[in-house]
Amino acid sequence: MKFDVLTLFPEMFSPLGQSITGKAVEKNLIDINLVNIRDFSENKHNKVDDTPYGGGAGMVMMPDVVYRAYQSVDKNLKENKAKVIYMSPQGKTLNQKKVEELSKEQHLIILCGHYEGIDQRVIDKIVDEEISIGDYVLTGGEIPAMVLIDSVSRYVEGVLNKESIEEESFSNGLLEYPQYTRPEVFEGMKVPDVLLSGHHENIDTWRKEQALKMTKKKRPDLLKK
Ligand code: 4G4
Numbered sequence: 080m081k082f083d084v085l086t087l088f089p090e091m092f093s094p095l096g097q098s099i100t101g102k103a104v105e106k107n108l109i110d111i112n113l114v115n116i117r118d119f120s121e122n123k124h125n126k127v128d129d130t131p132y133g134g135g136a137g138m139v140m141m142p143d144v145v146y147r148a149y150q151s152v153d154k155n156l157k158e159n160k161a162k163v164i165y166m167s168p169q170g171k172t173l174n175q176k177k178v179e180e181l182s183k184e185q186h187l188i189i190l191c192g193h194y195e196g197i198d199q200r201v202i203d204k205i206v207d208e209e210i211s212i213g214d215y216v217l218t219g220g221e222i223p224a225m226v227l228i229d230s231v232s233r234y235v236e237g238v239l240n241k242e243s244i245e246e247e248s249f250s251n252g253l254l255e256y257p258q259y260t261r262p263e264v265f266e267g268m269k270v271p272d273v274l275l276s277g278h279h280e281n282i283d284t285w286r287k288e289q290a291l292k293m294t295k296k297k298r299p300d301l302l303k304k
């Protein structure tokens with residue numbers, strides 16, 4: 080899966096080079112291409128933003144600079160049209176269903192705004208979908224873009240083992256059951272006996288009960304759905 084990221088701060092994306100996403104990059108299961116929007120400024124001072132028409136605080140990213148950055152990426156990899164996503168607090172909130180849906184795409188172009196956002200005209204011209212990672216405001220769309228790339232990458236074939244994805248939270252509509260590992264006793268607290276019993280059916284039943292109990296207690300809203 081290919082991700083092109085249009086951003087003023089490509090250095091912010093180094094966390095994706097670590098851990099599971101880092102391995103996925105090494106194995107060429109995902110390809111993350113960072114495009115620095117500033118490289119497309121035609122101004123002698125590499126200016127990328129300007130004051131808002133109508134007045135108000137802050138700066139707005141200029142549409143022509145963003146558009147040239149967009150035009151520099153190949154949108155038809157193997158005749159597969161890329162989907163352009165704008166990370167914005169005004170978008171539809173990301174959830175696991177949306178993540179799974181996006182993982183079926185071959186190619187995503189992710190646009191990250193900074194300052195007060197981007198001139199609306201280039202948004203209207205190039206963006207297919209506006210997505211938010213939750214109802215709060217951040218300084219830029221870079222962290223939301225990383226959240227999107229990380230969550231979507233987990234569904235790419237070979238990135239995780241199949242069981243992890245099938246067993247996890249939300250895919251069955253419930254929270255996960257609690258996990259335990261060695262030591263058997265930690266600070267006087269023992270691992271539940273059933274997990275040491277080797278009785279797979281009992282373990283399964285116990286885990287299902289726990290998942291239900293945890294969901295009732297922590298996220299009763301999930302049970303109503
Ligand atoms: C677009 C418009 C996404 C992008 C305005 C981006 C939160 C989210 C930005 C802005 C973002 C989210 C500067 C307010 C960048 N903040 N919830 N900031 N702002 O997904």
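Numbered by the working numbering, the letters in the sequence shown go through residues 80 to 304 in order. Where a beta carbon is used, it is the ideal one built from N, C-alpha and C, also for glycine.
Rounded separation between E180 and V145 - CA only: So the two alpha carbons sit approximately 26 Å from each other.
For K162: DSSP bridge partner residues: DSSP output for K162 lists L187 as bridge partner(s).
Selected residue, minimal CA-CA separation from T260, among I210, Q175 and V270: The alpha carbon of T260 has as its nearest neighbour, out of I210, Q175 and V270, the alpha carbon of V270.
Identity of the residues DSSP links to N155 by a beta bridge: BP columns for N155 point to K160.
Of the residues F265, R117, G133 and K154, the one placed nearest D207, counting alpha carbons only: Of F265, R117, G133 and K154, the residue nearest in Cα terms is K154.
Cβ neighbour criterion (16 or more within 10 Å) applied to A224: A224 is buried by the Cβ-count criterion.
One or two residues paired with T172 in a DSSP bridge: Beta-bridge pairing links T172 to S211.
beta-carbon H193 near ligand 1 non-hydrogen atom, thresh 8 Å: Result yes, Cβ under 8 Å from ligand 1.
Alpha carbon of G96 to alpha carbon of V104, nearest angstrom: Straight-line Cα distance between these residues: approximately 7 Å.
Own chain partners of G135 with C-beta closer than 8 Å, once the 5 adjacent residues on each side are dropped: Closer than 8 Å at the Cβ level, and outside the excluded window around G135, lie E195.
Selected residue, minimal CA-CA separation from D300, among E280, G170, S93 and L254: If we check each option's Cα against that of D300, L254 comes out closest.
Pairwise C-alpha distance: S167 and V238: The straight-line gap from Cα to Cα measures roughly 27 Å.
Close beta carbons around V231, own chain, < 7 Å, minus the five adjacent residues each side: Counting only Cβ-Cβ distances below 7 Å, and skipping sequence neighbours, we find V178, L181 and S182.
Cβ-based neighbour list, Q175, same chain, cut-off 6 Å, excluding 5 preceding and 5 following: Result list for Q175: F249, in chain order.
Where T86 falls: helix, strand or coil (DSSP): Collapsing the DSSP output to three states places T86 in a strand.
Span of the alpha helix (DSSP H) around V145: From DSSP, the alpha helix (DSSP H) with V145 extends over P142 to Q150.
Whole-angstrom C-beta distance between T86 and I116, which should lie under 8 Å: For I116 against T86, the beta-carbon gap comes to about 6 Å, under 8 Å, which counts as contact.
Where I202 falls, given that 16 or more other Cβ within 10 Å makes a residue buried: In this structure I202 is buried. Its beta-carbon is surrounded by 16 or more other beta-carbon atoms within 10 angstroms.
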